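Down below is the structure, laid out as structure tokens.
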Amino acid sequence: MYLTLWKGMIFKYSVIWVNIVLMRVSLSEARDYTNYKLLKVEPGSSSDSLNLLYHQLVEDVDFWTEPSTLKNELQFMVGPHQLSRVMGLLDSFNISSTVLMENVQDLINKQINEIQDHDCSMDTNKRKKRGIFDDLFNFFSRQDEEELRVSTNEEPSFRSPRKINSFDNSFKNDVTSFFNSSMNWENYQNIDVIHNFLYETARKNPSIATIFSIGKSYEGRDLLVFKIGTPQPNYKPAIFIEGGIHAREWISPAATTYIIKEFVNNYEKNKEILDVFDFYILPILNPDGYAYTFRKDRLWRKSRSRNGGLIGAILPGCVGVDLNRNFGYKWLAKNSLFNARGGSRLTCLETYAGSKPFSEPETRALSNFLLNNKDKFQGYLSIHSFGQKVIYPYSYTNVKIKDWKELHQMGNVIANTISKYSGVDAIYDVGTSSDVQYRASGGADDYVRGALGIKWVFLIELPDKGRHGFLLPPHLIKQVSFSVFQGIREFAHQIA
């Protein structure tokens, strides 16, 4: 009898684990957004109805925008399996909606195809120009990289910044080859190309540029900071620019690398600013998530750390932390268990704030670097998308900061300058987060202002306002990046 029972238990749990393995295999494929729709709730709907709708749907749909003081509307993506329930809820709340994207996968396919076509074209041109020795060099370089990738599977640990004086293999991680960079702003680039660009640009401009790592990501990638400025014998103030904290916001790394390119390639035009300020630019704070958007899930938001437990091991959405909810200033302030808007304790939600403040190696690395150098930084700019907004602290509360009028005035200067160089439909809203989008706690911007005391802190949401959302077409990269560069130049002039 006991033997039969034991065999039955073995069979039962074997079936469970086989199902888990099969689930993980099926989830290893790239996520497909076929027939996912992007809906917009029409302005004019009552704020009470929108809030109720939000809490009904928060675990079932992906909110791309949320209600704010200025704009009483929602944009969210819904899958075909949830569409019927969502439309029923909208009807019950008497809320009308508009379909912004009929099939999200169509836009993703368009982006990916453009990237692949462009990469193939670049690769063909390069192959025409190189010989057998270049091919052999690149082959052996790739073997070195595979060994490096294996070595980075160890548990990540924080280390102090190390300056890179030359192209150092210990910093390569995902970089394919020093001679294989095809950096341009005609298209979105993967992390290999971006890191190559940073190394190569620093190597070619040693008199004004350096590159160093401030730490490692969860998966062992370097968090690379590019410093540019005219060397000065005495103390020199600095401005920090952070990008790529949310993985799916591809325009952010594109814009931050474009800023580097503009400063370097047009040094003489920008010398007046670079004589006064050093710029520390971190294009990708979330390299693991960013790499994942190119491999598996274009609309992934969080980092890629493992949150522990059986659910975190099985379900793909329960991996990672929203790094912009993980900083240790007012972490999870005014957020209940089920209020996901400004940060959540639920691991499977996109705004999961982590198990504790600075639980993630990426946020620890950045905060340690800023803390050790806070006296030199006069400004901090965080580059995001989308929505066309210039946001100043605090984001965790709707109570105005004491110098909010100065910040608002400076925000208008930045917004107006960006708009001036952007072209049509380029109006930027200015205000606190609760004014122009939603309250959010544990963000880098609040930490830099509240904990470090840096005065000029702004979060800039790049275009557009919802037509493409996170899937901004590649042909807009240069225009958007150039306009934000001009806004940052004007900002630097104003605080100099």
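Following the UniProt record's numbering, the numbering of the sequence shown begins with 1 at its first residue and continues without gaps.
All C-beta atoms, glycine included, are put in the ideal place defined by N, C-alpha and C.
A quick note: this is a predicted structure, and the numbers were derived from the prediction, not measured.
Residue environment, residue i, which counts as buried when at least 16 other CB atoms sit within 10 Å
i       : result
Met-87  : exposed
His-468 : buried
Asn-187 : buried
Ala-496 : exposed
Asp-222 : buried
Asn-324 : buried
Ala-30  : exposed
Arg-295 : exposed
Lys-420 : exposed
Gln-232 : exposed
Asp-48  : exposed
His-246 : buried
Ser-367 : buried
Thr-34  : exposed
Ser-385 : buried
Thr-293 : buried
His-195 : buried
Pro-283 : buried
Glu-362 : buried
Lys-204 : exposed
Pro-253 : buried
Pro-80  : exposed
Bounding residues of the alpha helix (DSSP H) (the contiguous stretch that carries residue i)
i       : result
His-384 : Counting along the chain, His-384 falls outside any alpha helix (DSSP H), though it belongs to the beta strand (DSSP E) covering 377 to 385.
Leu-83  : 83 to 92
Lys-204 : 191 to 204
Gln-232 : It is not in any alpha helix (DSSP H) - Gln-232 carries neither H nor E in the DSSP assignment.
Lys-40  : Counting along the chain, Lys-40 falls outside any alpha helix (DSSP H), though it belongs to the beta strand (DSSP E) covering 37 to 41.
Val-448 : 444 to 450
Val-436 : 433 to 436
Per DSSP, the bridge partner or partners of residue i
i       : result
Ile-239 : Phe-279 and Gly-379
Ser-344 : Tyr-352
Thr-98  : Lys-40
Gln-75  : Lys-40 and Thr-65
Val-430 : Val-390
Leu-224 : Ser-213
Reduced DSSP secondary structure (H/G/I, E/B, other) of residue i
i       : result
Asp-288 : helix
Val-175 : In this prediction, Val-175 has a pLDDT of 31, which is less than 50 and means its spatial position is unreliable; what the coordinates show is noted afterwards. Val-175: coil per DSSP, three-state reduction.
Trp-185 : coil
Asp-322 : coil
Gly-423 : coil
Tyr-258 : helix
Gly-411 : helix
Ile-460 : strand
Trp-404 : helix
Leu-315 : coil
Gln-486 : helix
Val-58  : coil
Leu-371 : helix
Asp-32  : coil
Val-104 : helix
Phe-327 : coil
Asp-48  : helix
Leu-476 : helix
Val-399 : coil
Phe-263 : helix
Phe-470 : coil
Leu-299 : coil
Leu-332 : coil
Gly-131 : For Gly-131, the pLDDT reaches just 46, beneath the cut-off of 50, and the residue's location in the model is therefore unreliable, although a value from the coordinates is still provided. Three-state result, Gly-131: coil.
Ile-495 : helix
Asn-270 : helix
Ser-252 : helix
Supposed contact pair residue j and residue i - C-beta distance, whole angstroms, cut 8 Å
i           : j       : result
Gln-105     : Tyr-36  : 7 Å
Tyr-428     : Val-399 : Not quite, the Cβ-Cβ distance comes to about 23 Å (not below 8 Å), so this is no contact.
Leu-332     : Ala-353 : 5 Å
residue 504 : Tyr-396 : The structure shown does not extend to residue 504, since the chain is modelled only from 1 through 496, so no value can be given for it.
Ser-441     : Glu-360 : Not quite, the Cβ-Cβ distance comes to about 15 Å (not below 8 Å), so this is no contact.
Gly-243     : Asp-278 : That belief does not hold up - the Cβ atoms of Gly-243 and Asp-278 are roughly 17 Å apart, past 8 Å.
Ile-251     : Ile-418 : Not really, about 13 Å apart at Cβ, beyond 8 Å.
Arg-301     : Ile-108 : That belief does not hold up - the Cβ atoms of Arg-301 and Ile-108 are roughly 15 Å apart, past 8 Å.
Ser-303     : Gly-320 : 4 Å
Pro-357     : Asn-326 : 7 Å
Val-99      : Leu-74  : Their Cβ separation, rounded to whole angstroms, is 13 Å, which puts Val-99 and Leu-74 out of contact at 8 Å.
Delimiting residues of the beta strand (DSSP E) encompassing residue i
i       : result
Lys-356 : No beta strand (DSSP E) contains Lys-356, which DSSP labels as neither H nor E.
Ile-391 : 389 to 391
Ser-213 : 209 to 216
Asp-62  : 62 to 65
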